[in-house]
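**Student:** Using my numbering, read the sequence shown as starting at 866 and increasing by one per residue. The beta carbon of each residue, even a glycine, is placed where N, CA and C say it ideally should be.
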Amino acid sequence: MRRLAYRNASLPWSGRPGSGDGGYGSGRTSGAGNAVATRRDDDLWGLGLDLSFAWSADLSTLVTLSGARCESPVPADAYWRGGTALLVRWVPEPNWRLELGLGWARTQFDRAPRRIQRRDDQLNAGLAVRRAVGQGEWFCSLDWLGSDSTFEPAAFQQQVTTCGFAWSY
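#1: Under the assumption that Trp961 contacts Gln1000 (Cβ atoms under 8 angstroms), give the Cβ distance between them as a whole number of angstroms.
#2: Run the CB neighbour count on Thr1026, radius 10 Å, all protein chains shown included, and call it buried at 16 or more, exposed below.
#3: Looking at C-alpha atoms only, which residue of Glu1017, Gly1011 and Ala990 is the closest neighbour of Pro1023?
#4: Closer than 6 angstroms by C-beta to Ser917: which residues in its own chain qualify, once you throw out the five before and the five after it? Chain order, please.
#5: Please report the distance separating the alpha-carbon of Arg954 from that of Arg984.
#6: Quick check on Glu958: does DSSP put it in helix, strand or coil?
#7: Given a threshold of 16 other Cβ atoms within 10 Å of its Cβ, counted over all protein chains shown, does Ala970 qualify as buried or as exposed?
#8: State the CB to CB distance for the pair Cys935 and Asp975, rounded to an integer number of angstroms; the pair is presumed to be in contact (CB under 8 angstroms).
#9: If you follow the beta strand (DSSP E) that Ser921 is in, where does it begin and where does it stop?
#10: Distance check for Gly932 and Ala843, CA to CA, integer angstroms please.
#11: With distance defined between alpha-carbon atoms, name the residue in Trp910, Gly913 and Ser937 nearest to Pro1067.
#12: Cβ of Leu963 within 9 angstroms of Cβ of Leu952?
#13: Are the C-beta atoms of Thr949 and some chain D residue less than 9 angstroms apart?
#14: Taking just the CA atoms, how far does Ala977 sit from Arg996?
#15: Just verifying my parser: in three-state terms, what is the DSSP assignment at Ala1019?
#16: Taking only runs of the beta strand (DSSP E) that begin and end inside the region 960-1003, which ones reach a length of at least 3 residues, in chain order?
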C-alpha cells in the first residue's frame, strides 16, 4: 500500500489529456475569469495485487488487480479507481524479451460539484521489445490508451512510441 501527497496550483481535472477547468474551483485560488487555479494538497492511496505464473522457462504472465482513492480539497478531483491488467512476457532467447500488455480501469469522480457525474473507463494495450546488452538494454515500445468519459472533454485516445537505451552501473 502506498500514500502519495503532493502540492501544486492547478485547475480541476487538469493534467489529463482533453481536460479543462469546467468552471469548477474551490479553496485558495488565483487566476482570471473562469480559469481558476487552486493551491491544494491531494492524498492518493493505492493498493495492488500482482499474481504471476511461469508457464515455462520462457513464457510467463502477470495479472494485476488495483484500487486507489484520491482525496482532494477540490471536490471535482476526488475519485475512486479500480482496474485490472494482464502482461504476457516471452523470452525467445536469453537476451531478448517480448512483452504484451492489456489493461482496463474505471475512475469514478464522486464529489464533482453542480451534480456533474464523471466516470472514465480506460482501455490500454502495449507491446515492447527488449534486448539486453551487457549492463544495458535496448528497448522499443508502442502503447495505446483510450479513455471514454461521461465528461466529454476528458475523452481521448493516445498513442506513444518509445525507443532508447537504459543502463545501470
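**Tutor:** In short, the structure shows the following:
#1: Trp961 to Gln1000, Cβ: 17 angstroms. No contact.
#2: exposed
#3: The sequence given here has Gln at residue 1023, not Pro. The option with the nearest alpha carbon to Gln1023 is Gly1011.
#4: Leu927
#5: 31 angstroms
#6: coil
#7: buried
#8: With a Cβ gap of about 10 angstroms, Cys935 and Asp975 do not count as contacting.
#9: Element bounds for Ser921: n/a, residue is neither H nor E.
#10: The question about residue 843 has no answer here: the residues shown for the chain are numbered 866 through 1034.
#11: With the chain represented from 866 up to 1034, any question about residue 1067 goes unanswered, as that position is not in the structure.
#12: no
#13: As a matter of chain content, chain D is missing from the structure shown, which is built from one protein chain.
#14: 46 angstroms
#15: helix
#16: 961-974 and 983-998
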